[in-house]
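Structure, as structure tokens:
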Amino acid sequence: MIKGTEEVELARRLIAGDSSAFEPFVAIFQNKLFHYSFLTCGQREDAEEVAQETLLKVFESLHTLREPERVRSWIYTIARNLCYMKRRKSIFAPEEEISLDQLMPSFRQDGSERKLEIADWSSLPEAQAMNSELRETLQRAIRSLPDIYRSVLMLRDVEELSTEETAEILSVTTDVVKTRLHRARLAVRQKLDQEFHTAGVA
Amino acid sequence: MTKLECKQIFAMLSEYLDRELPADLCDTIDAHIASCPPCVEFVKSLEKTVAYCRGAGATAEGPRPLDAGRLEELRTAYLRSVPTVSIKNTPAAS
Ligand SMILES: [Zn+2]
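In the order they appear, the protein sequences are chains A and B. First residue of the first sequence: 2, per the working numbering; consecutive thereafter. First residue of the second sequence: 10, per the working numbering; consecutive thereafter.
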């Protein structure tokens, strides 16, 4: 199934007046919105509130959603705005840009071989087998990103929205989404790398 | 296309992994990676990072379930917003 098809289908049914789609729709989005908000605004309580307030706004204005295909970008736009209102930090705080150079690994010469100075990632668990320690390390890494990068990574990789949906939510071009996503991934990779390196996990 | 340096490869890796690069550039990268162990290692670490992020939403704990009052509030908002439902599915409008 194409990502998001289920959500679109539920939205279509709801708009058409099929109330049997109400509960599955709430179940899916309450969970997604909670995870999204938890990593965006940081606090559990805030995240639960954002999820509930978003759903309320969604149902109050469902009749204005003319295209069910856009349900995900619509919902995450609302959630994103609510998250900002909860955040202690100002939305207007200057955002730090990360240069590609500072995200590049360094090399070291080992005899005739050129080697990367990074942790041994092959010894780390696969994503399906992520333990709670790894999950916390990852969440810390995501939260520590400057917002312009975190917001793109959250939507593209964590929520698995398309480049176009993400561009629409953040009001930027698809090229900006791609550039920021790459830096965000490299930054998370680097943070994990440093943790695994120092922790001697790898 | 001229030979690419590792760092040039690193700069394009997300688009490479997301299959957003033109085919010829993809082939050039494939050819470089095939004979460059550091690039293989780096690609794997980035791939794993992305896979971890895809799993990041599934925190150990989810949200608490909505209480009955909240759920009712949402349902009421829905029924008000899409009026055909109240005619079709609820016995009597209050
Ligand atoms: Zn290389």
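The C-beta atom is built at its ideal place from N, Cα and C for all residues, glycine as well.
Cross-strand partners of residue i (DSSP beta bridge)
i	result
leucine 182 of chain A	For leucine 182 of chain A, which the question treats as bridged, DSSP gives no partner whatsoever.
phenylalanine 108 of chain A	A/Leu117
Residue nearest to residue i in terms of C-alpha spacing, selected from the options
i	options	result
lysine 70 of chain B	A/Phe39, A/Leu83, A/Ser62	The question names lysine, but residue 70 of chain B in the sequence shown is glutamate. Selected option, being the one with the closest Cα: A/Phe39.
methionine 105 of chain A	A/Lys179, A/Thr199, A/Val189	A/Val189
threonine 55 of chain A	A/Leu139, A/Arg88, A/Thr78	A/Thr78
glutamate 50 of chain B	A/Leu101, A/Glu196, A/Gln191, A/Trp122	A/Trp122
arginine 88 of chain A	A/Arg151, A/Cys42, A/Ile16, A/Pro147	A/Cys42
leucine 75 of chain B	A/Phe30, A/Ser62, A/Glu97, A/Thr180	A/Phe30
isoleucine 149 of chain A	A/Ile16, A/Glu97, A/His36	A/Glu97
proline 69 of chain A	A/Ala17, A/Glu61, A/Ser113	A/Ala17
leucine 34 of chain A	B/Val91, B/Ala86, B/Pro72	B/Pro72
histidine 198 of chain A	A/Ser124, A/Leu162, A/Pro147, A/Arg144	A/Ser124
glutamine 44 of chain A	A/Glu114, A/Gly112, A/Cys84	A/Cys84
valine 59 of chain A	B/Ser54, B/Leu34, B/Leu55, B/Val91	B/Val91
glutamate 61 of chain A	B/Ala77, B/Leu55, B/Arg84	B/Arg84
glutamine 129 of chain A	B/Arg89, B/Thr58, B/Asp33	B/Thr58
asparagine 32 of chain A	A/Ala80, A/Ser163, A/Met86	A/Ala80
leucine 80 of chain B	A/Ser163, A/Ser145, A/Glu137, A/Ala28	A/Ala28
glutamate 196 of chain A	A/His36, A/Pro147, A/Asn82, A/Glu137	A/Glu137
Residue-level contact to chain D via CB, residue i, 8 Å cutoff
i	result
isoleucine 99 of chain A	The displayed structure is made up of protein chains A and B, and chain D is not among them.
heavy atom of ligand 1 below 7 Å from residue i C-beta
i	result
cysteine 35 of chain B	no
cysteine 15 of chain B	yes
isoleucine 18 of chain B	yes
proline 25 of chain A	no
proline 47 of chain B	yes
histidine 183 of chain A	no
histidine 198 of chain A	no
histidine 41 of chain B	yes
Same chain, Cβ closer than 8 Å to residue i, neighbours up to 5 away in sequence not counted
i	result
glutamate 24 of chain B	Leu30
proline 25 of chain A	Leu11
valine 153 of chain A	Thr167, Leu171, Val178, Arg181, Leu182, Ala185
leucine 13 of chain B	Thr37, Ile38, His41
leucine 285 of chain A	With chain A represented from 2 up to 203, any question about residue 285 of chain A goes unanswered, as that position is not in the structure.
Own chain, CB closer than 6 Å to residue i, minus 5 neighbours either side, in chain order
i	result
glutamate 7 of chain A	none
lysine 116 of chain A	Arg109
leucine 187 of chain A	Leu104
serine 107 of chain A	Glu118
lysine 192 of chain A	Ala142
Residues near residue i in its chain [Cβ-Cβ closer than 7 Å; skip 5 each side]
i	result
cysteine 48 of chain B	Cys15, Ile18, His41, Ile42
aspartate 194 of chain A	Ile119, Ala120
leucine 15 of chain A	Ala22, Phe23, Phe26, Leu63
glycine 5 of chain A	Arg73
valine 52 of chain B	Leu22, Ile42
leucine 214 of chain A	Past the boundaries of the shown model lies residue 214 of chain A; chain A is included only from 2 to 203, so the question cannot be answered.
asparagine 132 of chain A	Pro126
Residue i: CB within 7 Å of a non-hydrogen atom of ligand 2
i	result
histidine 36 of chain A	The model depicted lacks ligand 2 and carries ligand 1 instead.
Examine the Cβ distances between the segment 164-180 of chain A and the segment 43-57 of chain B and report whether three or more of them are shorter than 8 Å. no
Does the pairing of the segment 41-48 of chain A with the segment 11-19 of chain A give three or more beta-carbon distances under 8 Å? No, because fewer than three Cβ pairs between the segment 41-48 of chain A and the segment 11-19 of chain A fall closer than 8 Å, the two stretches do not touch.
Say whether the segment 143-158 of chain A touches the segment 59-75 of chain B, bearing in mind that this needs 3 or more beta-carbon pairs closer than 8 Å, one atom from each stretch. yes
Check whether the segment 72-80 of chain A and the segment 164-173 of chain A are in contact - that is, three or more C-beta pairs closer than 8 Å. Of all C-beta pairs linking the segment 72-80 of chain A to the segment 164-173 of chain A, three or more are shorter than 8 Å, placing the two stretches in contact.
Counting Cβ pairs, one atom from each stretch, are 3 or more of them under 8 Å apart for the segment 101-115 of chain A and the segment 53-68 of chain A? no
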